[in-house]
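Asker: Shown below is the structure under consideration.
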Amino acid sequence: LFATGGEFLKGVVAMSGMPPSDRTEVCFAGRSNVGKSTLINALTGRKALARASNTPGRTQEINFFTLADSHYLVDLPGYGYANAPVAVVAKWQALLKAYLSGRPSLRRAFVLIDARHGVKAVDEEIMTLLDRSAVPFQTVLTKADKVKEEAREESLDRTRAALARHPAAYPELIVTSSEKGWGIPTLRSAI
Ligand code: GTP
Ligand code: MG
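In full-length UniProt numbering, the protein residues as written are 23 to 213.
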């Protein structure tokens with residue numbers, strides 16, 4: 023599946039622009055700057071397939087990438103980012119929620135959590151939306167290279183406790199570092 027890399031298909035700003043629901047689809051959701059776009063690049067082995075940046079709010083559309091002839095990888099705009107015009111943020115968030123709750127071919131959402139910060143209120147909100155929409159989700163800890171092993175274990179325990187409250191959550195977490203390549207094979211096999 024990953025041998026062919028991946029290709030950018032399109033950026034979507036409204037539900038009406040979505041490609042047909044004719045492939046297996048997984049998406050990457052998470053707070054701004056958590057590392058969604060970087061993770062897609064690590065997964066596909068392509069440096070700049072998805073645009074990543076140190077500035078939160080980089081991804082402003084729903085970006086579809088094709089994988090082989092069978093899958094879509096979907097890069098979502100971040101949530102919980104308040105440092106943009108209110109009306110603009112409201113528009114992304116509405117689109118994000120419409121997508122997460124109403125996309126027929128969405129098979130699994132990966133919810134990315136910064137290993138340094140753990141699950142925040144905005145993450146809980148998204149997880150509850152996924153519960154209600156019956157979209158199975160799996161949590162991915164990102165930037166594991168930035169925390170010491172002890173802090174990583176603590177972060178894992180707290181995250182597991184938070185997941186136990188969500189019926190749509192897979193119990194297994196995936197710990198990743200796009201920088202070091204940690205967890206990338208595990209995530210590929212989950213997809
Ligand atoms: P938005 O599109 O704004 O929602 O952000 P995003 O979640 O797509 O984050 P992005 O991939 O743009 O990464 C944000 C920053 O984190 C970039 O500067 C990345 O280089 C950095 N980053 C991402 N993953 C890792 C990682 O595993 N380790 C380290 N050290 N840095 C990372
Ligand atoms: Mg992004």
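Positions of the beta carbon are idealized from the N, C-alpha and C atoms, including for glycine.
Assuming the contact rule is C-beta atoms closer than 8 Å, alanine 190 and alanine 156 should be a hit. Round their C-beta distance to whole Å, please.
Answerer: Confirmed, about 7 Å.
Asker: How big is the Cα-Cα spacing for threonine 66 and lysine 168?
Answerer: 22 Å
Asker: Relative to the C-alpha of alanine 143, which residue among Glu171, Ala184, Val108 is closest?
Answerer: Ala184
Asker: How big is the Cα-Cα spacing for glycine 52 and valine 133?
Answerer: 6 Å
Asker: Buried or exposed for glutamate 175, please, with buried defined as at least 16 other CB atoms from any protein chain shown within 10 angstroms of its CB.
Answerer: Label assigned to glutamate 175: exposed.
Asker: Using 8 Å as the cut-off, can you tell me whether the segment 67-81 makes contact with the segment 137-153, which would need three or more C-beta pairs spanning the two stretches below that distance?
Answerer: no
Asker: Anyone know if the C-beta pair for lysine 113 and leucine 151 falls short of 8 Å?
Answerer: With contacts defined as CB atoms closer than 8 Å, lysine 113 and leucine 151 fail to qualify as a contacting pair.
Asker: Which stretch, first to last residue, makes up the alpha helix (DSSP H) that contains glycine 124?
Answerer: 108-124
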